[in-house]
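S.K.:
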């Protein structure tokens, strides 16, 4: 009876152990491969899975989330024989757990070495200036090459980024001197261009000023000519009226001419620049009489038709 209890207890324990061996809990973001007698049979997805105890075992536990790998620093010789130190990072994601587990040994090591080899290949075919200015192009070329190479492994390389490109110190100093020289050259060109533009603007301003001045002189000459023309017309009209008065026997018209010439002669003598003393007889009554003649002449001109001489207008 005791042996029977012991056997039953052993069978119960063995059954519990078999159940625990058959049930597998797969965490989120992980995949487990199942092997039967060492051969791959299937893949367990996240959640609760079952296998055949004793016959089936868990082969590889793979992380299906995107993973980042650091690419170690390495020396690269560029196309123009410059030695630079380069490092970077690789982002990849396992898409097929079975292929990632059985198509390549040590997946992360393989990806790192493949990336380092292609970094030397891609960057070694470019000049130093291209390395420093075309980092995005380098990243895209590396991504295309490495992703294509890792596709048979069930892996998708999502990004490759070059973190640092470090030329030697002497080369950095040489590049700094070159950059300073280029900036000095650009500054000199900009200063020369500014002076040239300033001279052009100054010449344009002087040209415009000369044009405006010429137009002003032309306008002034036109105004002077117009004024002289009107003055000549007025003088001609006055002369005609005086001539008609003289022809009619009016003595006041003769006094008008005498007074006009008299006043002009005195004006010329008074405005002369030469220093002189003039002694001449001066009869104020004659000048006043001449001015009176001018007044009588004006009255005669503006007298209404048919009016008697000496008649005044009344309101």
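Numbering (the working numbering), first residue to last: 157 to 471. Glycine included, C-beta positions come from ideal geometry on N, C-alpha and C.
Whole angstroms is fine: what's the gap from residue 231's alpha carbon to residue 241's?
M.R.: On the chain shown, position 75 is the one that residue 231 refers to. On the chain shown, position 85 is the one that residue 241 refers to. In a straight line, the C-alpha of residue 231 is about 5 Å away from that of residue 241.
S.K.: Leaving out five residues on either side along the sequence, give the residues of the same chain with a beta carbon under 7 Å from the beta carbon of residue 274.
M.R.: Here residue 274 corresponds to residue number 118 of the chain shown, with the count starting at 1. Result list for residue 274: 298, 301, 302, in chain order.
S.K.: Taking residue 258 as the reference, which of 218, 174, 282 has the closest Cα?
M.R.: Translated into positions along the chain shown, residue 258 becomes position 102. For residue 258, the nearest C-alpha among the options comes from 218.
S.K.: Please go through the same chain and pick out, in chain order, the residues whose beta-carbon is closer than 6 Å to the beta-carbon of residue 215, but skip the five residues on each side of it.
M.R.: Here residue 215 corresponds to residue number 59 of the chain shown, with the count starting at 1. Counting only Cβ-Cβ distances below 6 Å, and skipping sequence neighbours, we find 189, 191.
S.K.: Which residues in the same chain have their Cβ closer than 7 Å to the Cβ of residue 226, if we skip the five residues on either side of it in sequence?
M.R.: As a working mapping, residue 226 is identified with position 70 in the chain shown. Apart from the 5 residues on each side of it in sequence, residue 226 sits with its Cβ closer than 7 Å to the Cβ of 245 in its chain, given in chain order.
S.K.: In its own chain, which residues sit with a C-beta less than 7 Å from the C-beta of residue 318, not counting the 5 before and 5 after it?
M.R.: On the chain shown, residue 318 is found 162 positions in, with the first residue counted as 1. The residues are 242, 244, 291, 294, 295.
S.K.: Suppose the cutoff is 7 Å on Cβ atoms and the five residues either side in sequence are ignored; what does the same chain contact list for residue 457 look like?
M.R.: Walking along the chain shown from the start, residue 457 turns up at place 301. Note that residue 457 scores a pLDDT of 49, beneath 50, so its modelled location is shaky and nothing firm can be said.
S.K.: On a CA-only basis, which of 222, 178, 207, 196 is nearest residue 185? Give me that one, please.
M.R.: Sequence index remark: in the chain shown, residue 185 carries index 29 (1-based). Per the Cα distances, 222.
S.K.: Would you say residue 183 and residue 202 are within 8 Å of each other, going by their C-beta atoms?
M.R.: For the purposes of this step, residue 183 is identified with residue 27 of the chain shown, where counting begins at 1. For the purposes of this step, residue 202 is identified with residue 46 of the chain shown, where counting begins at 1. The answer is yes: Cβ separation under 8 Å.
S.K.: Just verifying my parser: in three-state terms, what is the DSSP assignment at residue 441?
M.R.: In the chain shown, counting from the first residue as 1, residue 441 sits at position 285. Confidence at residue 441 is low in this model, with a pLDDT of 49, below 50, so the placement of that residue should be treated as unreliable; the coordinate-derived value is given next. It is helical.
S.K.: Alpha carbon to alpha carbon, how far is residue 356 from residue 349? Give it in angstroms, no decimals.
M.R.: Here residue 349 is taken as the residue at index 193 of the chain shown, counted from 1. Here residue 356 is taken as the residue at index 200 of the chain shown, counted from 1. Going from the Cα of residue 349 to the Cα of residue 356 covers about 10 Å.
S.K.: Quick one: what's residue 278 bridged to in DSSP?
M.R.: The count along the chain shown starts at 1 and reaches residue 278 at position 122. In the DSSP output, where bridge partners are listed per residue, residue 278 has none listed.
S.K.: Am I right that residue 229 and residue 284 are in contact with their C-beta atoms under 8 Å? What's the rounded C-beta distance?
M.R.: Stepping through the chain shown from its first residue, residue 229 is reached at position 73. Stepping through the chain shown from its first residue, residue 284 is reached at position 128. Going by Cβ atoms, the distance from residue 229 to residue 284 rounds to 17 Å, so no, they are not a contact pair.
S.K.: Less than 8 Å between the CB atoms is what I'm expecting for residue 316 and residue 271, so what's the real figure, rounded?
M.R.: Mapped onto the chain shown, residue 316 falls at position 160. Mapped onto the chain shown, residue 271 falls at position 115. With a Cβ gap of about 7 Å, residue 316 and residue 271 count as contacting.
S.K.: Quick one: is residue 328 buried, meaning 16 or more other Cβ sit within 10 Å of its Cβ, or exposed?
M.R.: Here residue 328 is taken as the residue at index 172 of the chain shown, counted from 1. That one is exposed.
S.K.: Please say whether residue 206 and residue 166 have beta carbons closer to each other than 8 Å?
M.R.: Working through the chain shown from its first residue, we reach residue 166 at position 10. Working through the chain shown from its first residue, we reach residue 206 at position 50. No.
S.K.: May I have the straight-line CA-CA distance separating residue 264 from residue 160, to the nearest angstrom?
M.R.: The residue you call residue 264 lines up with position 108 of the chain shown. The residue you call residue 160 lines up with position 4 of the chain shown. So the alpha carbons of these two residues sit roughly 54 Å apart.
S.K.: What residue range is occupied by the uninterrupted alpha helix (DSSP H) comprising residue 169?
M.R.: As a working note, residue 169 is residue 13 in the chain shown. Counting along the chain, the unbroken alpha helix (DSSP H) around residue 169 starts and ends at 158-178.
S.K.: When you compare only the Cα positions, how much space is there between residue 176 and residue 255?
M.R.: Residue numbering aside, residue 176 sits at position 20 when the chain shown is read from its first letter. Residue numbering aside, residue 255 sits at position 99 when the chain shown is read from its first letter. Their Cα atoms are separated by approximately 28 Å.
S.K.: Exposed or buried, residue 252, counting other C-beta atoms within 10 Å across all chains shown (16 or more means buried)?
M.R.: Counting from 1 along the chain shown, the entry for residue 252 is found at position 96. Under this definition residue 252 is a buried residue.
S.K.: Is the beta carbon of residue 341 less than 8 Å from the beta carbon of residue 249?
M.R.: In the chain shown, counting from the first residue as 1, residue 341 sits at position 185. In the chain shown, counting from the first residue as 1, residue 249 sits at position 93. Not in contact: residue 341 and residue 249 (Cβ atoms no closer than 8 Å).
S.K.: Among residues of its own chain, excluding the 5 on either side of residue 171, which ones have a beta-carbon nearer than 6 Å to its beta-carbon?
M.R.: Here the question's residue 171 lines up with position 15 in the chain shown. None.
S.K.: Can you check which of these residues, 269, 239, 224, 238, is closest to residue 247 by C-alpha distance?
M.R.: Along the chain shown, one-based indexing puts residue 247 at 91. Measuring from the Cα of residue 247, the nearest candidate turns out to be 224.
S.K.: Rank 220, 180, 237, 204 by C-alpha distance to the C-alpha of residue 213 and give the top, closest one.
M.R.: Translated into the one-based positions of the chain shown, residue 213 becomes position 57. Closest option to residue 213, Cα to Cα, is 180.
S.K.: Give the straight-line distance between the Cα atoms of residue 441 and residue 372, rounded to the nearest whole angstrom.
M.R.: What you label residue 441 is simply residue 285 of the chain shown in a count that begins at 1. What you label residue 372 is simply residue 216 of the chain shown in a count that begins at 1. Bear in mind that the predicted position of residue 441 carries a pLDDT of just 49, short of 50, making it unreliable; the figure below should be weighed with that in mind. Near 48 Å, if we compare the C-alpha coordinates of residue 372 and residue 441.
S.K.: Determine the extent of the beta strand (DSSP E) in which residue 321 is found, giving its start and end residues.
M.R.: Counting from 1 along the chain shown, the entry for residue 321 is found at position 165. Run containing residue 321: 311-322, per the beta strand (DSSP E) assignment.
S.K.: Figure out for me which residue from 289, 305, 237 has the closest Cα to the Cα of residue 280.
M.R.: By one-based count along the chain shown, residue 280 stands at place 124. Here the closest residue by C-alpha is 237.
S.K.: Quick one: what's got a C-beta closer than 7 Å to residue 239's C-beta in the same chain, skipping five residues either side?
M.R.: As a first step, residue 239 is located in the chain shown; it is residue number 83 there, counting from the start. These residues qualify, in order along the chain: 231, 233, 324.
S.K.: Starting from residue 181, follow its DSSP beta bridges and name the residues at the other end.
M.R.: Position 25 of the chain shown, counted from the first residue, corresponds to residue 181. Residue 181 is bridged by DSSP to 204.
S.K.: Which whole-angstrom value is the C-beta distance of residue 268 and residue 306, which I expect to be below 8 Å?
M.R.: Here residue 268 refers to the residue found at position 112 of the chain shown. Here residue 306 refers to the residue found at position 150 of the chain shown. Incorrect: roughly 11 Å between the Cβ atoms, too far for contact.
S.K.: Leaving aside the five residues before and after residue 162 along the sequence, list all residues of the same chain whose C-beta is less than 7 Å from its C-beta, in chain order.
M.R.: Translated into positions along the chain shown, residue 162 becomes position 6. Once the five neighbours on either side are set aside, residue 162 has no close Cβ partner at all.
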